[in-house]
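Notes to accompany the following structure.
Residue numbers (this note's numbering): 119 to 621.
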């Protein structure tokens with residue numbers, strides 16, 4: 119092998135082909151010219167194939183093209199050496215080149231066999247054309263069905279393609295748009311500036327909205343202007359850079375935004391008027407309270423003076439004076455109740471997490487001395503997210519009502535709570551005479567009392583305040599009772615309040 123390599127280009131062991139056999143000049147030159155011609159063609163073919171493979175993108179089986187280039191190049195080299203041997207008998211070089219050609223040839227064969235099944239599945243030209251037409255039709259359908267106007271322009275700003283929605287937006291037929299400058303669709307005052315923006319965009323094309331921070335307008339064929347929103351998408355094509363613009367008429371959107379702003383302005387003005395009305399109502403309530411309570415205090419004081427100074431006042435007169443003082447006291451309580459009822463819903467609230475048991479115990483301690491009834495806390499009490507003042511006001515009114523109506527002998531009031539999924543249910547139950555079902559709705563109305571005013575110290579406001587407070591915090595309130603069986607007043611506290619609790 120080493121001797122073969124060392125004598126690879128040695129021609130002393132063989133005669134030139136002209137001297138082998140009886141070659142005539144015609145026969146010899148026939149072979150020489152044919153080999154040179156074949157070699158020239160075999161050199162040109164690989165260069166053409168290589169040029170095609172380099173220029174053609176996404177070429178199937180591209181490696182096979184390079185194998186064919188090598189195979190044909192080797193075959194051409196064999197013919198070149200065959201022609202040279204007529205003068206220089208480089209038979210060893212010829213053998214090496216033929217071996218190399220055989221190796222590349224078989225590599226090409228194996229590659230062909232391997233890809234043959236897949237190659238057979240490739241569509242033919244006719245089928246490819248059919249598929250191409252289907253794809254073109256699909257793209258055309260998508261383009262025409264797009265809800266936005268689509269405009270394709272080249273780097274010189276010339277319109278190359280539009281869809282049906284573009285015709286609808288601008289009022290032109292597409293034949294009137296194709297080949298025209300895009301500036302024809304802009305108001306005259308924007309055209310010069312747009313040309314500059316377009317040139318700058320093509321220097322650094324990116325997918326982005328057009329005219330960020332600026333109001334954009336299109337102009338219809340009839341000269342009418344309308345606000346638009348435009349998205350830009352750069353596209354690389356064989357003919358150069360192009361831009362696909364997406365155009366949306368935002369007239370309705372701007373109108374909706376303006377209506378929203380106007381609604382917000384009106385709401386703000388309404389809130390301001392409401393605040394002013396609340397302030398005036400607070401002032402009015404203060405004045406009314408002062409003006410109503412002043413004569414009541416006078417009447418109460420006068421009746422007390424009469425009782426103290428008149429030694430000969432009859433028992434009937436004393437009873438009447440006591441009745442006057444009781445009604446004055448009731449009127450004072452009624453005025454206070456009305457003021458308290460009017461403030462519900464107008465006072466700022468503070469929603470925080472609280473332990474409901476601690477809040478209930480504070481109310482119980484305040485009311486326990488005023489009644490001989492036994493107050494029992496019957497269960498574990500949950501943590502709640504609520505306004506502290508509102509919760510204690512609800513419990514205080516319900517507990518006061520229960521203590522008032524509990525049995526005069528052995529009176530018991532039970533306070534409990536239970537989990538009902540999305541809410542907690544609190545209950546204040548007494549063992550009093552109960553309430554007929556006919557009156558269950560009535561008792562939550564303001565100024566309603568089931569007994570005559572002279573028989574019971576009641577303003578008829580407490581339960582109305584409870585209902586107003588509970589419903590303000592997205593809860594419900596009701597009574598469970600039958601005559602002679604006591605009454606249980608229940609209210610719910612949602613675990614996740616959703617209402618508006620601002621005053």
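We treat Cβ as the ideally placed atom computed from N, Cα and C, and that holds for glycine.
What you are looking at is a predicted structure, and each value in this text was computed from that prediction instead of being measured.
Only exposed fits residue 236, as fewer than 16 other CB atoms lie within 10 angstroms of its CB.
Within the region 498-523, the alpha helix (DSSP H) runs of at least 4 residues that lie entirely inside it are, in chain order, 506-523.
By the Cβ-count criterion, residue 542 is buried, with 16 or more other Cβ atoms from all chains shown falling within 10 Å of its own Cβ. For residue 366, the closest of 345, 389, 482 by C-alpha to C-alpha distance is 345. The continuous alpha helix (DSSP H) containing residue 286 extends over residues 282-288.
In the three-state scheme derived from DSSP, where H, G and I count as helix and E and B as strand, residue 161 is classed as helix.
Secondary-structure assignment with DSSP links residue 609 through a beta bridge to 544, 595. A straight-line Cα-Cα distance of about 6 Å links residue 532 and residue 548. The beta carbons of residue 364 and residue 266 sit about 5 Å from each other, so the pair counts as a contact at 8 Å. Apart from sequence neighbours up to five positions away, the residues of its chain that approach residue 612 with a beta-carbon distance below 7 Å are 540, 541, 592, 593, ordered along the chain.
Bounds of any beta strand (DSSP E) do not take in residue 181; it lies within the alpha helix (DSSP H) bounded by 180-202.
The C-alpha of residue 231 lies about 28 Å from the C-alpha of residue 212. Fully enclosed alpha helix (DSSP H) runs of no fewer than 4 residues occupy 282-288, 292-295, 306-321 of the region 260-322, in order along the chain.
For the 7 Å CB-CB criterion, residue 604 and residue 515 do not form a contact. Looking from the CA of residue 522, the closest CA among 507, 473, 552, 511 belongs to 552.
Contact between the region 300-312 and the region 272-289 is present, with at least three C-beta pairs closer than 8 Å.
For residue 580, the uninterrupted alpha helix (DSSP H) run begins and ends at 580-590, by DSSP.
Of the residues assessed, residue 283 falls on the buried side of the cut-off, its CB having 16 or more other CB atoms within 10 angstroms. Following the DSSP letters along the chain, one finds residue 324 in no alpha helix (DSSP H), marked with neither H nor E. Following the DSSP letters along the chain, one finds residue 122 in no beta strand (DSSP E) but inside the alpha helix (DSSP H) bounded by residues 120-124. By the Cβ rule, the region 190-198 does not count as touching the region 119-132, because fewer than three pairs are nearer than 8 Å.
Assigned with DSSP and collapsed to three states, residue 468 falls in coil, not helix or strand.
Each residue's CA atom was taken as its position, placing residue 194 and residue 356 some 35 Å apart. Taking 7 Å as the cut-off, the Cβ atoms of residue 607 and residue 546 count as close. By the Cβ rule, the region 248-267 does not count as touching the region 208-224, because fewer than three pairs are nearer than 8 Å.
Our two residues, residue 602 and residue 512, have alpha carbons roughly 25 Å apart in a direct line. Straight across, the Cα-Cα distance linking residue 384 with residue 261 is about 43 Å. The criterion of a C-beta distance shorter than 7 Å is not satisfied by residue 350 and residue 337.
Within 10 angstroms of the beta-carbon of residue 342 lie fewer than 16 other beta-carbons, which makes it exposed. When the Cα atoms are used, residue 476 and residue 391 turn out to be separated by approximately 39 Å.
Counting C-beta atoms within 10 angstroms of its own C-beta, residue 507 has fewer than 16 neighbours from the protein chains shown and is therefore classed as exposed. Ranked by how close their Cα comes to the Cα of residue 309, the residues 290, 335, 325 have 335 in first place. Of the candidates 206, 196, 154, 178, 206 places its Cα closest to the Cα of residue 135. 510 is the residue among 145, 510, 496 whose C-alpha sits nearest the C-alpha of residue 485. Under the DSSP assignment, residue 208 falls outside any alpha helix (DSSP H); it carries neither an H nor an E label. The beta carbons of residue 473 and residue 497 sit no closer together than 7 Å.
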